[in-house]
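If you're matching positions, the sequence shown starts at 0 in numbering that gives the first Met the number 0 and goes up one per residue. Yeah, the Cβ is synthetic: ideal placement off N, Cα and C, and Gly gets one too. Taking it in order: structure first as structure tokens, then the write-up.
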Amino acid sequence: MVLRHLARLGAKIHRKVEKARYGVAMTASDAKTPRWHLLGSLPFAAAALVLVNGLYIFLVALGNITDYDTNFAFVQHVLSMDTTNFGQAAGEGLDPDVMWRAITNPVIWNLGYIGIIIWESVAAIVLITAVVFFVRGFLGHGFAAARVWSSIGLVMIILLFVGGFITMGGEWFQMWRSQAWNGLDPAFRNSVLAGIGLVLLHLPSQRWEDAVARKA
């Protein structure tokens with residue numbers, strides 16, 4: 000009976016010692032890592048790129064809504080293919096082998112442009128939502144939702160600029176031949192910025208789990 004009691008007492012003391020030892024170690028570890036070091040972490044870098052991509056696509060959508068005619072002219076000339084002549088006057092020197100692809104209906108121009116604006120607006124809303132979830136993640140609620148929303152928004156940007164501008168505009172509508180209405184370079188830059196953000200989001204890092212662990 001006495002031996003059993005001593006064994007239980009020893010086990011209890013051992014558990015308390017282990018708890019105190021690991022608790023002190025954890026506290027010391029946390030003390031060695033200032034909170035501002037979060038600014039150099041992978042989640043913060045990803046959040047920064049998501050923020051700037053979201054802000055950019057929001058401003059693009061806002062500009063297209065409030066200044067409709069400026070970029071509508073771009074859509075009009077790309078779809079009508081009237082400047083795919085390496086710098087000649089509009090409508091001159093066009094290649095008859097590809098001009099059958101041209102769209103000259105103003106209704107379709109407007110529908111296409113409105114579709115682009117809607118796509119940009121939705122992408123902006125998705126990325127702004129992702130930024131909100133990132134803030135929650137830094138407060139200890141985890142980054143799972145932020146990564147999902149960010150991935151959706153950035154993929155939308157890539158689909159718009161790679162699929163819409165580079166693939167359809169650049170190749171199908173031969174935008175690469177136009178000197179006046181060629182949006183390939185901006186489309187490529189925007190795609191790269193979104194792609195870098197997407198890569199950062201899916202890089203493995205313990206930091207993605209740290210916020211949840213600290214809260215727990």
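DSSP places Ala123 in the uninterrupted alpha helix (DSSP H) bounded by 105-135. Around the beta carbon of Met155, a 10 Å sphere encloses 16 or more other beta carbons of the protein chains shown; the residue is thus reported as buried. DSSP, reduced to helix, strand and coil, places Thr166 within a helical segment of the structure shown. Taking every protein chain shown into account, the CB of Val106 has fewer than 16 other CB atoms within 10 angstroms, so this residue is exposed.
Within its own chain, the residues whose Cβ lies closer than 7 Å to the Cβ of Leu199, once the five positions on either side in sequence are excluded, are Leu41, Ala44, Ala45, Leu48, listed in chain order. Residue nearest to Ile124 within the set Gly39, Gln205, Val51 is Val51 (criterion: CA-CA distance). Counting every other CB atom within 10 Å of its CB across the protein chains shown gives Ile115 a total of 16 or more, marking it as buried. The alpha-carbon separation between Ser79 and Ile64 amounts to approximately 22 Å. Counting C-beta atoms within 10 angstroms of its own C-beta, His201 has fewer than 16 neighbours from the protein chains shown and is therefore classed as exposed.
Membership of Ile102 in any alpha helix (DSSP H) is not indicated, and neither H nor E is assigned to it by DSSP.
Across the set Gly39, Ser204, Glu208, Tyr55, the C-alpha of Tyr55 shows the shortest separation from the C-alpha of Ile127.
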